[in-house]
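J.: If you use my numbering, the sequence shown corresponds to residues 30 to 276, in order. In this text, a Cβ means the ideal position worked out from N, Cα and C, and glycines have one as well. I have a structure I would like to understand better, so I am pasting it below and will then ask my questions one at a time.
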Amino acid sequence: MSSIEPDVTEQRDTPVVHAEAVSRTYTRGNGGGLLRRGSDATVVTALDGVSVGISRGELVGIAGPSGSGKSTLLHLLAALDTPTSGRVEIGGTNTATLSERTRSRLRRDHIGIVFQRFHLLPALTAQQNVALPFIEWGIGKRDRQERAELLLHRVGLGDRLTHRPAELSGGEQQRVAVARALAGEPDLLIADEPTGELDSEAGANVLDLLADVAEDRAVIVASHDQAVLDRVDRTIRLRDGHVVNDA
């Protein structure tokens, strides 16, 4: 669980995640295969010299057309990948210096991720789905049930503890996913198209929740939806691997 505890006066000034002059290239064969070497290989630049920072208390959007580098940047900021050059720091730790195992631990303890698809286990109740991360931390059954219940109350689903995903609306399922992502009290929450499969009202409710979450942590929302981007504090816009606007 999170152990990054900056001074209160610095929370909104010190980036939780910072990318500096980050580039990411991939090697592809002419047939489209990734990481193929040889005379027919070509280098594709997904990101080129990108610098961004997100601090506690910020709800930041990331936008860009297909091929802009948006997904690549998200993967780097989530410590799912490392840059070819430049550096990404999470809580002051350079992710490129970590082994895959240590990066996995960094993600577990400091980063929550919410996807467009909810990725809930259909056989488990909302409470059981939210409690899953606590098993990895070795937390006892009674304690993890209580923590999961508190998280579901926080996202407005205190009356849905025993409901399975099929018994929940799309918006409710996404709120369960947010509660699960908050299980480790992460410093950084990354939501990738979190309203993409929701109607307008359910999407607005999820955005309200993310805005509340951003009061005491950094939240990144990647979206193509201008209605979503209108709700964030600022939007980082990408095109052809470059930041074209950050305001």
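(1) Suppose you measure from the CA of Val-81 to the CA of Ala-48; what does that come to, to the nearest Å?
(2) Is Glu-226 helix, strand or coil by DSSP?
(3) Assign Asp-241 to one of three DSSP states: helix, strand, or coil.
(4) So, is Thr-38 buried or exposed, given that buried needs 16 or more other C-beta atoms within 10 angstroms?
(5) If Val-273 and Arg-266 are in contact, beta carbons under 8 Å, what's the gap, nearest whole angstrom?
(6) Exposed or buried, Asp-36, counting other C-beta atoms within 10 Å across all chains shown (16 or more means buried)?
(7) Tell me, to the nearest whole angstrom, how far the beta carbon of Ile-91 is from that of Leu-103; I am working on the premise that it is less than 8 Å.
(8) Going by Cα to Cα distance, which pick from Gln-203, Asp-269, Glu-244 is closest to Gly-232?
(9) Take the Cβ of Ser-32 as the centre, count every other Cβ of all protein chains shown within 10 Å, and call the residue buried at 16 or more, exposed below.
(10) Quick check: the segment 241 to 260 against the segment 217 to 231, are at least 3 beta-carbon pairs closer than 8 Å?
(11) State buried or exposed for Gln-255, treating a residue as buried only when at least 16 other CB atoms are found within 10 Å of its CB.
(12) Identify the continuous beta strand (DSSP E) that holds Gly-90 and give its terminal residues.
(13) Return the CA-CA distance between Asp-77 and Ala-276, expressed in angstroms with no decimal places.
(14) From Ser-114 to Arg-246, what distance separates their C-alpha atoms?
(15) By Cβ distance below 8 Å, which residues in the same chain neighbour Ala-195 in space, the five residues on each side in sequence not counted?
(16) Mind checking whether Val-184 and Leu-238 have CB atoms under 8 Å apart?
(17) Kindly indicate which three-state DSSP category Gly-169 falls into: helix, strand or coil?
(18) For Val-159, which of Ile-83, Leu-180, Pro-223 has the nearest alpha-carbon?
(19) My output table needs one value for His-139: the three-state DSSP class, helix, strand or coil.
T.: So, to answer that:
(1) Each residue's alpha carbon lies about 5 Å from the other.
(2) Here Glu-226 sits in coil by DSSP.
(3) Secondary structure of Asp-241 (DSSP, three-state): helix.
(4) The predicted position of Thr-38 is uncertain, since its pLDDT is 40 and thus under 50; a value taken from the coordinates is nonetheless stated next. That one is exposed.
(5) The distance from the Cβ of Val-273 to that of Arg-266 is about 5 Å, consistent with a contact at the 8 Å cut-off.
(6) Low per-residue confidence applies at Asp-36: pLDDT is 43, beneath 50, and the placement is therefore not dependable, though the value from the model is reported in the following sentence. By the neighbour-count rule (16 or more Cβ atoms within 10 Å), Asp-36 is not buried but exposed.
(7) The C-beta distance from Ile-91 to Leu-103 rounds to 7 Å, short enough to meet the 8 Å contact threshold.
(8) Measuring from the Cα of Gly-232, the nearest candidate turns out to be Gln-203.
(9) Low per-residue confidence applies at Ser-32: pLDDT is 44, beneath 50, and the placement is therefore not dependable enough to give any value.
(10) In short, these stretches touch, since the Cβ pair count reaches three.
(11) It is exposed - the Cβ of Gln-255 has fewer than 16 other Cβ atoms within 10 Å.
(12) Note, Gly-90: beta strand (DSSP E), 88 to 92.
(13) If you draw a straight line from the Cα of Asp-77 to the Cα of Ala-276, it comes to about 19 Å.
(14) Their backbone Cα atoms lie some 27 Å apart in a straight line.
(15) If we look at Ala-195 and ignore the five residues flanking it on each side, its Cβ neighbours are Pro-151.
(16) Contact flag set, yes.
(17) Shown here, Gly-169 sits in coil according to DSSP, grouped into three states, outside any helix or strand.
(18) Each of Ile-83, Leu-180, Pro-223 was checked against the Cα of Val-159, and the nearest Cα belongs to Leu-180.
(19) In the three-state scheme derived from DSSP, where H, G and I count as helix and E and B as strand, His-139 is classed as helix.
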